[in-house]
Amino acid sequence: MTYQHWTIESLPWSQLDPAKVGPDLLKVIKAAALVEYGADAYAEYLCRVFQDDPGFQAAARQWAVEEVQHGKALGLWAEKIDPSWSLEGAMAKFRAGYTPEHFLGGPAGSVRGSRSGEMVARCMVETGTSSYYSAIGDSCEEPVLKEICKHIAADEFRHYKLFYDTLNRYLEKEDLGRLKRLKVALGRIAESEDDELSYAYYAANAAEGEAYDRQKSNRAYVSRAYSFYRPKHLDRAVAMIFKACGFKPHSLAYKLATRVAWWQIESQTKKLQKMAA
Ligand SMILES: [Fe+2]
Ligand SMILES: [Fe+2]
Numbered sequence: 088m089t090y091q092h093w094t095i096e097s098l099p100w101s102q103l104d105p106a107k108v109g110p111d112l113l114k115v116i117k118a119a120a121l122v123e124y125g126a127d128a129y130a131e132y133l134c135r136v137f138q139d140d141p142g143f144q145a146a147a148r149q150w151a152v153e154e155v156q157h158g159k160a161l162g163l164w165a166e167k168i169d170p171s172w173s174l175e176g177a178m179a180k181f182r183a184g185y186t187p188e189h190f191l192g193g194p195a196g197s198v199r200g201s202r203s204g205e206m207v208a209r210c211m212v213e214t215g216t217s218s219y220y221s222a223i224g225d226s227c228e229e230p231v232l233k234e235i236c237k238h239i240a241a242d243e244f245r246h247y248k249l250f251y252d253t254l255n256r257y258l259e260k261e262d263l264g265r266l267k268r269l270k271v272a273l274g275r276i277a278e279s280e281d282d283e284l285s286y287a288y289y290a291a292n293a294a295e296g297e298a299y300d301r302q303k304s305n306r307a308y309v310s311r312a313y314s315f316y317r318p319k320h321l322d323r324a325v326a327m328i329f330k331a332c333g334f335k336p337h338s339l340a341y342k343l344a345t346r347v348a349w350w351q352i353e354s355q356t357k358k359l360q361k362m363a364a
C-alpha cells in the first residue's frame, strides 16, 4: 500500500496569521497537543494487550506515529503563535503529573476487561477526537490551524475504522453484548472528561508554581472545548458511538440520543460560562 501521509513541513506555514487566534483557542490547542503527543505510551500498552496479534501490533505502532505527529503539528503551531511556550517543556510537566496505571506495565490484559472492550474504548477516543478537530477546523479562522485540523480529523476517522474493524474481528471470538459495550463506551467518555484532558489543560496553560485544581481545570477546559461544537458534529459522533456499541444509527433511540447530547453540551457550556463570568 502506498499511502502517503501528510507532513508537518508541507503545511502552509507562510500563511500563519496570529491575529486570527483568540486566547481560548490557543489554550485548548496547547492541551490537545500534549494528549496527542503522549500517544506512544499507549501504543506500548496496546501491543501488550494484543501480544499474539502481530498484524494489529504493527497497525497500533503506525497509529501512534500518526498521533505523535498530531501532537507535534499542534505543538509547533502553538509555539509559533506563542513563542514563550514550548511543547517539550509542557509535555515534561504533563508526563510528570499524569500517568494512568495501565501505562506502567503489569498484566497483559486490557483494563477494559477484554480486547473487544479495549477496542470499544479506542473507538470512543477516536470518535471524540474526530468530532473535536472537525468542530475546531470548522469554527477557526486561522488558515494553518484549519489545515492541520482537516488533516487530523481525517486521520482520526481512519483510526476509528481501524479500531472498529478490529473490534468486529474480536467480537467473533469474544462475547461482549451491546449493553456491555455501551457501558465501556460511556465509562471511557466520562474518563476523558475527567482527568486526562483536565491535567493536560493544566500542564499546558498553568502559570509557574500554580497547583493543580482538577475541578477548576476541567471547567476551564470543557467550557472552551464545547463552544466549538455544532449539532452536525455531535450527530456524527453519536452515530459513531452507536455503531461501535452495535446499535442502529438513524433509529428513534439515535434521534433521542443526539438531542440529549446537544442539550447536554449547550446547558453545560452555558452553566460553565456563567460560573466563569
Ligand atoms: Fe490524534
Ligand atoms: Fe486518533
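So the mapping is simple: the numbering used here equals the position in the sequence shown, first residue as 1, plus 87. Just so you know, even glycine gets a beta-carbon here, dropped at the ideal spot from N, CA and C.
Item, Value
"Could you check where the alpha helix (DSSP H) with Q149 kicks off and where it finishes?", "P141 to I168"
"Compare the Cα-Cα distances from K167 to each of T186, S101, S218 and A183 and report the closest residue.", "S101"
"In three-state terms, what does DSSP make of R275?", "helix"
"By Cβ distance, which residues of its chain are closer than 8 angstroms to S203, with the 5 residues on each side in sequence left out?", "L254, Y257, L258, E261, L263 and R268"
"Express the C-alpha separation of A222 and R317 in angstroms, rounding to a whole number.", "7 angstroms"
"Assign Q91 to one of three DSSP states: helix, strand, or coil.", "coil"
"Only counting the same chain, and skipping five residues up and downstream in sequence, which positions put a Cβ closer than 7 angstroms to that of A300?", "Ala is not the amino acid found at residue 300; the sequence shown has Asp there. The answer is none, since no qualifying residue turns up."
"DSSP on D111, reduced to helix/strand/coil?", "helix"
"Under the rule that 16 or more other beta-carbon atoms within 10 Å means buried, what is D242, buried or exposed?", "buried"
"Measure from the alpha carbon of Y129 to the alpha carbon of each residue in G184, M178 and R209, then state which is nearest.", "R209"
"Identify whether K366 lies in helix, strand or coil by the three-state DSSP scheme.", "Outside the displayed range of the chain (88 to 364) lies residue 366, so it cannot be described from this structure."
"When you compare each of L273, L339, H238 and T345 to C332 by their alpha carbons, which one comes out closest?", "L273"
"Name all residues in chain order for which at least one heavy atom of ligand 1 lies closer than 6 angstroms to the residue's CB.", "E123, E154, H157, T216, I239 and E243"
"Return the Cβ separation of I95 and L163 in integer angstroms, given the expectation that the two are a contact with Cβ distance under 8 angstroms.", "6 angstroms"
"By a C-beta neighbour count over all protein chains shown, 10 Å radius and 16 as the cutoff for buried, is K357 buried or exposed?", "exposed"
"Looking at C-alpha atoms only, which residue of A324, E153 and L359 is the closest neighbour of W93?", "E153"
"Since G224 is in the alpha helix (DSSP H), which residue starts that stretch and which ends it?", "R202 to S226"
"Can you name, in chain order, every residue of its own chain whose Cβ lies under 8 angstroms from the Cβ of P336, other than the five neighbours on each side?", "V325, A326, F329 and K330"
"Just checking, does the segment 170-181 make contact with the segment 232-249 on the three C-beta pairs under 8 angstroms criterion?", "no"
"For V347, count the other beta carbons within 10 Å of its own beta carbon; 16 or more makes it buried, fewer makes it exposed. Which is it?", "exposed"
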